[in-house]
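Shown next, in structure tokens, is the structure this report addresses.
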Amino acid sequence: MMEEKSGACMKGLELAEKYYEEYGRRMIRGQFPDIADQTAAGLVGYGSECLGFDDEISTDHDYGPSFCIWLPREVYIKCGKEMQAAYDALPKEFMGYAGRVEEEQGKGRVGVLCMEDFYLEILGRDSVPGTPEEWAAVSEAALATATDGIVFEDPCGKFTAVRDGLLAYYPREVWLKKLAESLARAAQAGQYNYARAMKRGERVAAELALTEFVKEAMQTVYLLNRKYAPFYKWMHRGMKELAVGSEIGDMLALLYQIPDPAAAWEGVSPTDYLYHLNTDDGRVLVIEAVCNVLVQTLQEMGLSGRQDNFLQNHVGEILAGLTK
Numbered sequence: 056m057m058e059e060k061s062g063a064c065m066k067g068l069e070l071a072e073k074y075y076e077e078y079g080r081r082m083i084r085g086q087f088p089d090i091a092d093q094t095a096a097g098l099v100g101y102g103s104e105c106l107g108f109d110d111e112i113s114t115d116h117d118y119g120p121s122f123c124i125w126l127p128r129e130v131y132i133k134c135g136k137e138m139q140a141a142y143d144a145l146p147k148e149f150m151g152y153a154g155r156v157e158e159e160q161g162k163g164r165v166g167v168l169c170m171e172d173f174y175l176e177i178l179g180r181d182s183v184p185g186t187p188e189e190w191a192a193v194s195e196a197a198l199a200t201a202t203d204g205i206v207f208e209d210p211c212g213k214f215t216a217v218r219d220g221l222l223a224y225y226p227r228e229v230w231l232k233k234l235a236e237s238l239a240r241a242a243q244a245g246q247y248n249y250a251r252a253m254k255r256g257e258r259v260a261a262e263l264a265l266t267e268f269v270k271e272a273m274q275t276v277y278l279l280n281r282k283y284a285p286f287y288k289w290m291h292r293g294m295k296e297l298a299v300g301s302e303i304g305d306m307l308a309l310l311y312q313i314p315d316p317a318a319a320w321e322g323v324s325p326t327d328y329l330y331h332l333n334t335d336d337g338r339v340l341v342i343e344a345v346c347n348v349l350v351q352t353l354q355e356m357g358l359s360g361r362q363d364n365f366l367q368n369h370v371g372e373i374l375a376g377l378t379k
């Protein structure tokens, strides 16, 4: 017997799978038996629900009983419209949840989709990148979007073959270069430009440097976990799920709890803090603590043998790994 809605809002992935099991599978196998074995189903793509990060705030748009059906292009051309009509005829309300209400930009994310076009729209290509140049040309957020969510069924394996190829992650050459780039940007923003901006009284520049450091530190942690970083809005939330360096997420959050550090830079001359830290600024202490953890992780993973915590000094060690 079908459960009814109760308590906290159900996660979109769970709701989608239950809806598919109740109605979707039966519709596909009953009304389209000749192509059922070429049909993949699940919920993958854009939206917090595909990451499992959705909550009650998320239910104000693009939320409700729904799932994706992916068909190979040749099958989609022949049967896509008919199957979409069958999908549209499924009950809109399910387990006490109203039917999905889509915003204009959210249309076409669920229902019957062409497999190749699904990947093409997200990645700019319908296959797994081959060369390092092809991998580098695809944004990391796009790779995260194309590999999130859950595939419920894929009997022919065509949709999953691309998904698995993407989940195999970057080739080592691309991975090391991206890691080196993130470390260099984090060092420049947090360990160099933040202090220089504060010395000049350029508060906007300092805040931009701090934000850039936070972004690149998070990016580095995702790279060390060999996991694609999601859209910026969910990067920090996603760190809780990471096996390596997840504590850095909590450390970065401290940067936004520290009182205004302007007083720590009053009366500072242009030659002050060139070769040592202004430890009166709590943000500087947190930045350096984050860098210490990153360096320790690099050492533990055999990516760098250097001992100092200036991230820029580890870039050469990372790039040296390209020849190993």
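Residues in the sequence shown are numbered consecutively from 56, following this note's numbering. Ideal Cβ placement from N, Cα and C applies to all residues, glycine included.
Query: For L307 and chain C, any beta-carbon pair shorter than 8 Å?; Result: Structure shown: chain C not included; a single protein chain is present.
Query: Is the beta carbon of Q139 sitting closer than 8 Å to the one on G166?; Result: yes
Query: Which word fits E104, buried or exposed, when buried means at least 16 other C-beta atoms lie within 10 angstroms of its C-beta?; Result: buried
Query: Taking the alpha-carbon of D203 as reference, which of V229, G97 and S121 has the nearest alpha-carbon?; Result: G97
Query: What residue ranges within the stretch 190–225 form continuous alpha helix (DSSP H) runs of no fewer than 4 residues, ordered along the chain?; Result: 195–202 and 213–222
Query: Please state if the CB of N280 and the CB of V299 are separated by a distance shorter than 8 Å.; Result: yes
Query: Would DSSP call I124 helix, strand or coil?; Result: strand
Query: Which value, in whole angstroms, describes the spacing of the CA atoms of Y330 and L265?; Result: 20 Å
Query: Flag this pair as yes or no: are the beta carbons of R338 and L310 separated by less than 8 Å?; Result: yes
Query: Across which residues does DSSP place C169 in a beta bridge pair?; Result: L126
Query: Quick one: measure Cβ to Cβ for C346 and N364, integer angstroms, because I've assumed they're closer than 8 Å.; Result: 5 Å
Query: Only counting the same chain, and skipping five residues up and downstream in sequence, which positions put a Cβ closer than 7 Å to that of E195?; Result: Y283 and A284
Query: Please identify the residue among S121, Y247, A239 and G212 whose C-alpha is closest to the C-alpha of V350.; Result: A239
Query: Can you tell me where the alpha helix (DSSP H) holding G3 begins and where it ends?; Result: In this structure the chain extends from 56 to 379, so residue 3 is not present and cannot be described.
Query: Distance, Cα to Cα, W190 vs V156?; Result: 35 Å
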